[in-house]
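Peer 1: Encoded as structure tokens, here's the structure I'll be asking about.
Protein chains in written order, with our numbering: chain A, 9 to 311; chain B, 179 to 626.
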């Protein structure tokens with residue numbers, strides 16, 4: 009049996025188009041919730057000796073005039089995000105809470121100044137851009153013996169941007185619903201997704217390169233489709249083993265690295281999809297000369 | 179050929195045994211490495227980032243003054259009793275202080291970041307605190323003198339120029355200094371009354387220590403008005419002292435611009451949880467590989483065990499400091515490590531389909547999968563290197579760097595294990611009775 013993936017490209021582009029539109033709209037409407045790594049501020053982890061409910065704490069913080077977000081961690085501590093607190097301000101903050109709720113232990117404190125926050129944001133943005141350009145150059149170089157190597161690089165990058173948009177869209181929605189923040193863990197995950205997404209795409213391109221060389225068909229569409237089908241089980245199996253691991257991280261390790269592991273989960277699914285259904289199909293569209301090639305042509309010859 | 183194979187197999191076994199020996203026990207010392215290192219986010223501790231205000235320092239002196247400020251900060255940290263403090267310069271004008279496994283009070287933090295100022299002190303008999311009436315003890319107290327009718331302490335802020343290390347006519351090391359006008363007046367009165375006595379150099383209440391761990395306290399040999407020298411120091415002591423005095427000459431205020439303070443209890447179960455996630459992940463990946471690729475999958479699972487042991491041994495040897503994300507990167511690399519195997523087995527499947535024997539399928543599978551393995555892994559390398567660079571260039575990038583490093587090591591080792599270890603194992607079956615049953619080695623059953 010032979011799947012005809014290339015012939016159904018219109019459907020795949022449609023699915024991706026819808027995903028991208030949803031992501032862009034979510035980003036436009038909700039934006040992203042920057043954590044203190046990028047927006048500066050303080051996170052104080054406190055443990056009260058008395059029983060204190062999250063609601064009571066939030067109410068007290070509000071009445072003290074702090075704009076804060078309160079979460080709990082698995083140890084039963086409160087993780088409180090506020091504006092940046094100096095040492096004196098933190099002492100006052102703890103004093104205020106002690107007066108209301110009794111003895112409190114400080115389990116952790118993070119403080120990021122605007123200087124560091126803006127530097128971190130800048131470096132993160134540069135890193136993502138450099139990674140994308142680096143990958144474009146590498147893929148172009150790796151396929152430099154092919155006609156139009158730049159097409160390969162560009163299609164890999166389009167697939168990559170697709171994956172990143174989906175990841176950003178998901179986090180924008182998670183930010184709006186669950187208050188998830190964009191932090192360094194997220195950026196680490198995003199960079200890993202860049203590597204993973206292109207890694208997958210390159211494996212498919214590698215097979216196209218080989219099949220073009222051995223000349224299995226004069227029809228580029230057929231070559232691409234065969235290459236896709238031949239690499240399909242590899243792509244799915246590798247994604248499966250990686251997803252198993254990521255799901256294990258999400259289930260067992262939990263909140264400490266949830267931004268990282270969920271970024272990977274979404275990125276790997278999107279990356280697998282785009283490396284199979286976007287990058288190679290765009291290559292076909294481009295090869296056939298512009299968007300005229302978008303319409304499904306004759307179905308590729310069966311092999 | 180068969181002999182060469184045996185040698186490779188032996189080498190693999192020896193490397194595995196060696197890696198196992200390095201790794202176990204996890205906390206044990208091997209080749210001078212004291213067990214696997216955990217980052218601040220896992221073992222708890224403090225990381226402080228200070229911004230130095232260098233507005234009063236000449237551009238040419240910045241590097242030296244920063245070195246001096248770092249020495250001063252290090253000096254303040256010593257009494258806290260941290261086992262492995264790490265103090266380093268970041269960029270041109272920032273200082274990063276890392277104190278693992280330590281909880282620091284706000285007052286201690288304040289002290290670490292105080293503006294450097296060194297005081298000269300003298301020994302005086304003072305009443306013993308809580309002692310009997312008239313009971314005296316010797317204590318270092320600030321050396322003061324009158325300046326325009328006011329009592330002032332002689333400090334490093336009275337140096338006219340930077341102090342420097344030189345050699346006297348006899349080739350001995352000396353530290354030369356010059357006072358400002360006010361400093362000279364103070365110094366004159368103080369040295370006059372202290373001739374033959376010792377003068378200590380203090381930062382707060384902490385004396386500066388020499389190579390032998392005892393306070394540096396030169397004996398005053400003459401009245402010093404404008405300039406003088408300190409002799410009897412080793413070169414190392416003299417240059418350290420010079421840097422510290424210079425750091426205290428001009429005020430270099432330190433502003434805390436970032437801080438992470440993690441209670442040691444917060445990170446401790448993360449390692450256990452990650453180990454649990456890792457073990458479950460490995461088992462699931464193995465089950466999948468064996469179910470899908472059968473005997474080949476079983477061999478790949480053995481190679482995966484080799485992979486995990488080798489990577490962890492490398493983490494210990496290099497050493498790689500494991501962080502939250504670093505452990506995540508390692509667990510992730512387990513999933514990705516089988517990728518090269520999958521690529522190769524899929525190629526072998528195609529070879530079997532064309533009726534190849536096991537030997538031919540193994541060789542062709544490896545050879546033809548190579549370009550895909552190489553090119554796809556290089557893109558991951560590029561990203562890993564960017565991750566490491568990012569981690570190095572931002573203040574709280576330890577975790578990002580840790581991830582990049584663990585993933586990079588993971589990718590390199592996984593290529594090696596797939597290409598060398600799995601192939602060697604597969605070759606063992608070439609020419610045996612089992613080799614004829616291709617369905618053992620591949621999901622292709624031969625019935626098509």
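Even for Gly, the Cβ is constructed at its ideal location relative to N, Cα and C.
Note that the structure is predicted; figures quoted are calculated from it, not measured.
1. Whole-angstrom Cβ separation of residue 183/B and residue 501/B, contact assumed at under 8 Å?
2. Within 7 Å of any Cβ in chain B, is that where the Cβ of residue 311/A sits?
3. Please classify residue 119/A: does DSSP put it in a helix, a strand, or coil?
4. Quick one: which chain B residues come within Cβ less than 7 Å of residue 111/A?
5. Note down, in chain order, every chain A residue with its Cβ under 7 Å from the Cβ of residue 593/B.
6. How about residue 370/B and residue 331/B: are their beta carbons less than 7 Å apart?
7. Below 8 Å between beta carbons is the criterion; list the residues of the segment 276-288 of chain B that meet it against any residue of chain C, in chain order.
8. Run through chain A and tell me which residues come within less than 9 Å of residue 444/B, C-beta to C-beta.
9. If distances are taken between C-alpha atoms only, which option among 73/A, 46/A, 85/A, 220/A comes closest to residue 61/A?
10. Pull the bridge partners of residue 407/B from the DSSP assignment, please.
11. Under 7 Å between the Cβ atoms of residue 457/B and residue 249/A?
12. Can you give me the Cβ contacts of residue 546/B inside the same chain, cut-off strictly under 6 Å, excluding the 5 residues immediately before and after it?
13. Please list the partners that residue 230/A has in chain B, where partner means a Cβ-to-Cβ separation under 9 Å.
14. For residue 86/A, which of helix, strand or coil comes out of DSSP?
15. With 7 Å as the limit, tell me which residues of the segment 446-465 of chain B have their beta carbon closer than that to any beta carbon of chain A; keep them in chain order.
16. Who are the near neighbours of residue 276/B in its chain, counting only those whose CB is closer than 6 Å to its CB and skipping five residues on each side?
17. Comparing C-alpha positions only, which one of 452/B, 412/B, 439/B sits nearest to residue 256/A?
18. Residues of the segment 547-568 of chain B in Cβ contact with chain A at a cutoff of 8 Å, in chain order, please.
19. Determine, using beta carbons only, whether residue 523/B and residue 474/B come nearer to each other than 7 Å.
20. Taking the alpha carbon of residue 49/A as the reference point, which residue from 161/A, 229/A, 69/A, 125/A has its own alpha carbon closest?
21. So with Cβ pairs under 7 Å, would you call residue 268/A a contact of chain B?
22. In chain A, what lies closer than 9 Å to residue 585/B by C-beta?
23. Using a Cβ-Cβ distance cut-off of 7 Å, determine whether residue 240/A contacts chain B.
24. The alpha helix (DSSP H) spanning residue 377/B covers which residue range?
25. So residue 509/B and residue 253/A are supposed to be a Cβ contact under 8 Å. How far apart are they, rounded?
26. Just to make sure I have the definition right: I need the residues of chain B whose C-beta is within less than 9 Å of the C-beta of residue 154/A. Which are they?
27. Along chain B, which residues have their Cβ under 9 Å away from the Cβ of residue 101/A?
28. In chain order, which beta strand (DSSP E) runs of at least 3 residues are fully inside the segment 258-329 of chain B?
29. Hey, does residue 214/A have any beta-carbon neighbour from chain B nearer than 7 Å?
30. Should residue 564/B and residue 138/A be called a contact, given that it needs their Cβ atoms to be closer than 7 Å?
31. Mind pulling the chain A residues with CB within less than 9 Å of residue 290/B?
32. Leaving out the 5 sequence neighbours to the left and right, which residues in its chain are closer than 6 Å to residue 302/B when beta-carbon positions are compared?
33. In three-state DSSP terms, what is residue 300/A?
34. Could you list the residues in the segment 228-252 of chain B with a C-beta less than 9 Å from some C-beta on chain A, going in chain order?
35. Any idea if residue 235/A is buried or exposed, counting beta-carbon neighbours within 10 angstroms, 16 or more meaning buried?
36. Tell me, to the nearest whole angstrom, how far the beta carbon of residue 278/A is from that of residue 171/A; I am working on the premise that it is less than 8 Å.
Peer 2: Concretely, from the data shown:
1. Actually they do not touch by this definition, with Cβ atoms about 40 Å apart.
2. Confidence at residue 311/A is low in this model, with a pLDDT of 39, below 50, so its placement is unreliable and the value that follows should be read with caution. Not closer than 7 Å to any Cβ of chain B, the Cβ of residue 311/A fails to qualify, so no.
3. strand
4. Neighbours of residue 111/A on chain B: none; closest Cβ ~16 Å, over 7 Å.
5. Neighbours of residue 593/B on chain A: none; closest Cβ ~12 Å, over 7 Å.
6. no
7. Among the protein chains in the structure shown, which are A and B, there is no chain C.
8. 53, 81, 83, 85, 115, 116, 264
9. 85/A
10. 354/B
11. no
12. 525
13. Per Cβ cutoff of 9 Å: no residues; residue 230/A is ~17 Å from chain B at best.
14. strand
15. 448, 451, 452, 454, 455, 458, 459, 462, 463
16. 225, 264
17. 452/B
18. 549, 550, 553, 554, 555, 556, 557, 558, 560, 561, 562, 564, 565, 567, 568
19. yes
20. 125/A
21. yes
22. 200, 203
23. no
24. Per DSSP, residue 377/B belongs to no alpha helix (DSSP H); it is in the beta strand (DSSP E), 377-381.
25. 6 Å
26. None at all; the shortest Cβ gap to chain B is about 12 Å.
27. Neighbours of residue 101/A on chain B: none; closest Cβ ~11 Å, over 9 Å.
28. 264-268, 272-278, 296-305, 314-320, 322-325
29. yes
30. yes
31. Near residue 290/B there are no residues of chain A at all, since even the closest Cβ is about 11 Å away, more than 9 Å.
32. 319
33. Unreliable placement is indicated for residue 300/A, whose pLDDT of 47 sits below 50; no coordinate value is reported for it.
34. 229
35. buried
36. 4 Å
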